[in-house]
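Read top to bottom, the protein sequences are chains V and E.
Per the working numbering, residue 1 is the first one in the first sequence, and the count goes up by one each step.
Per the working numbering, residue 1 is the first one in the second sequence, and the count goes up by one each step.
Even glycine gets a Cβ: it sits at the ideal position worked out from N, Cα and C.
Nothing here was measured: the structure is a model prediction, and the numbers come from that model.
First comes the structure, then the notes that go with it.
Protein chains: 2
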Amino acid sequence: MKVLLGSGGFRTDARKATLVAEMRAHFGEIDSILFVPYALADHDGYVAALNDRGLHAGYTLQGIHQTSDPVAAVRSAQGIYVGGGNTFRLIKQLHELGLVEAIQNRILADGIPYLGVSAGTNVACPTMRTTNDMPIVQPPSFDALGLVPFQVNAHYHPGGIHYDQDGELHPHYGETRDDRIREFHEENSAPVVGLFEGGLLRCDGSSVEVVGSAARVFQPGTTPTDHQDGEDLMRLLRD
Amino acid sequence: MKVLLGSGGFRTDARKATLVAEMRAHFGEIDSILFVPYALADHDGYVAALNDRGLHAGYTLQGIHQTSDPVAAVRSAQGIYVGGGNTFRLIKQLHELGLVEAIQNRILADGIPYLGVSAGTNVACPTMRTTNDMPIVQPPSFDALGLVPFQVNAHYHPGGIHYDQDGELHPHYGETRDDRIREFHEENSAPVVGLFEGGLLRCDGSSVEVVGSAARVFQPGTTPTDHQDGEDLMRLLRD
């Protein structure tokens, strides 16, 4: 099993370079990656933007929206990359197009590599219940691909937030991310990895390595633990 | 129709005083308000905290969770207050306990006063699709009470955010609130009021007055407009 899960926030040159290097190592010597842009409204624009920003990592990104049969496209893909945007919109499309089982089969049975970024990371988890996104559409189910047995909170950050208005920073009193994950654990038991922006989790079935940023692991009823670039989280996240 | 919708963030003394004064004017000379704490896990703790912080505004808060028949409690209530927490958890309970129609009848047909704060504001809208909360449970529907014909984004803030780690502020690259509301309008057409923390909307069927903070109004495909304390938004939000 080869699953690479990115948090998002790949905006600085150093972060982009990390993502591209990880993509090269992950996908290896294939030519074309099947790209799933359903989390954004503008599918063609998404593919173009990744190419413009060099985030194709040298691969040809084949937009699944441009294929006549998305399920067949998954069945013949050499690698799959699910991009970011709105997780509710993405999961609704995956369910409605019959892609959940098709992707599970390719990744878990056939062993082709999967890359998710942001919303694409959320849908690799057992459910989409740790997304930060707004529920702009109602999917038939919150169940997701379950490629890994734990949840990820993408774009994770600790502490309270301040917002920028006219160049000044003002305190905001909404729930912190840790508050939200604690609420998740009032209703669910799966461990949650809070993955800082710029980071990835490299998952091969026997290890879950943190790459490029820090991560915080939340288990129900215990104090979260902090982890750094290079650490293997597998023992914490086992079923 | 008497509906008062608070954003949340009533943490400073000035904001608390505004909320209490608005509650007194809104509920008037009744003794007891039916309080709906389902957005939080600890129902008794929520009622106790409001009483401790003086946010009962002098009324007896009767927790709906302490009644043997919640629908009957709504039918006999003199006023209803729905508190904050997680909107997914709240709406799931409202649907499963048969409270959606019961509350609609009391507010829209019988004209008793409704107060919502944060999640309680989200559920007063046509749908819960503009909540900021994490989808920790899956409700049977995103449809909400529809007491007002527009959406509210509670805890609204403009601009990008910075998070506090060890006393230093770091930039965060996740979607801004405006990005999220723009995505909402890619899929939906209802106007959205971004209501800053500490603010309320006083709705009586012929006006929607901003009280205690600023607000930003978003319509599909147009530039948002900014509004101040005391302005009436009705003409912008008409069906």
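- Around the C-beta of D133/E, 16 or more other C-beta atoms lie within 10 Å, and the residue is accordingly described as buried.
- Of the residues assessed, I30/V falls on the exposed side of the cut-off, its CB having fewer than 16 other CB atoms within 10 angstroms.
- One thing to note: L19/V has its Cβ no nearer than 9 Å to the Cβ of T121/V.
- For E186/E, the chain V residues whose C-beta falls within less than 8 Å of its own C-beta are A41 and I136, listed in chain order.
- Beta-bridge annotation (DSSP): R216/E is paired with G194/E and D226/E.
- Annotation: the continuous beta strand (DSSP E) that includes I80/V extends over I80 to V82.
- Restricted to the segment 116-182 of chain E, the alpha helix (DSSP H) segments that are unbroken, complete and at least 4 residues in length are 119-122, listed in chain order.
- Using beta-carbon distances, Q219/V does not count as an interface residue toward chain E, since no partner is under 9 Å.
- Comparing alpha carbon positions, the residue from S7/V, A190/V and D143/V closest to G199/V is S7/V.
- Looking at the backbone, the Cα of V74/V and that of L94/V are separated by about 11 Å.
- Using a CB distance cut-off of 9 Å, G83/V does not count as an interface residue toward chain E.
- Look at L169/E: its C-beta is under 9 Å from a C-beta on chain V.
- The continuous beta strand (DSSP E) containing S32/V extends over residues S32 to V36.
- Taking one beta carbon from each stretch, the segment 204-213 of chain V and the segment 156-167 of chain E have fewer than 3 pairs nearer than 8 Å; the two do not touch.
- Per DSSP, the unbroken alpha helix (DSSP H) holding L99/V starts and ends at L99 to Q104.
- Interface criterion not met: the Cβ of G212/E is under 9 Å from no Cβ in chain V.
- In the DSSP assignment, E209/E is bridged to R202/E and D232/E.
- For a cut-off of 8 Å, the C-beta gap from Y38/V to R106/V is around 17 Å, too long to register as a contact.
- A residue is called buried once 16 or more other Cβ atoms fall within 10 Å of its Cβ, and Q151/V is buried on that count.
- Setting aside the 5 residues that flank it on each side, P220/V is surrounded in the same chain by H185 and S189, each with a C-beta closer than 6 Å to its C-beta; the list follows chain order.
- Secondary structure of Y114/E (DSSP, three-state): strand.
- Boundaries of the alpha helix (DSSP H) harbouring L90/V: T87 to E96, taken from the DSSP string.
- No residue range can be given for L108/E, since it is assigned to no alpha helix (DSSP H) and is classified by DSSP as neither H nor E.
- The C-beta of G6/E comes no closer than 9 Å to any C-beta of chain V.
- Contact annotation for M128/V against chain E: P135 [CB-CB distance below 8 Å, chain order].
- Contact of R53/V with chain E by beta-carbon distance below 9 Å is absent, the smallest such distance being about 14 Å.
- Its chain contains G8, G84 and A154 as the residues whose beta carbon lies nearer than 6 Å to that of S118/E, once the 5 sequence neighbours on both sides are disregarded; these appear in chain order.
- According to the DSSP assignment, L4/V belongs to the beta strand (DSSP E) that extends over V3 to G6.
- Flagged as an interface residue toward chain V: N132/E, by a C-beta distance shorter than 9 Å.
- As the crow flies, the alpha-carbon of T225/E is around 11 Å from that of V192/E.
- CA-to-CA, the gap between S68/E and Y59/E works out to about 21 Å.
- Taking 8 Å as the upper bound for CB-CB distance, K2/V and G111/V are in contact here, some 7 Å apart.
- Interface annotation for the segment 109-127 of chain V against chain E: empty, criterion Cβ-Cβ distance under 7 Å.
- Where T60/V is concerned, the enclosing beta strand (DSSP E) starts and stops at T60 to G63.
- When C-beta distances to chain V are compared with 9 Å, the residues of the segment 141-158 of chain E below that value are S141, F142, D143, N153, A154, H155, H157 and P158, in chain order.
- Taking every protein chain shown into account, the CB of S213/V has 16 or more other CB atoms within 10 angstroms, so this residue is buried.
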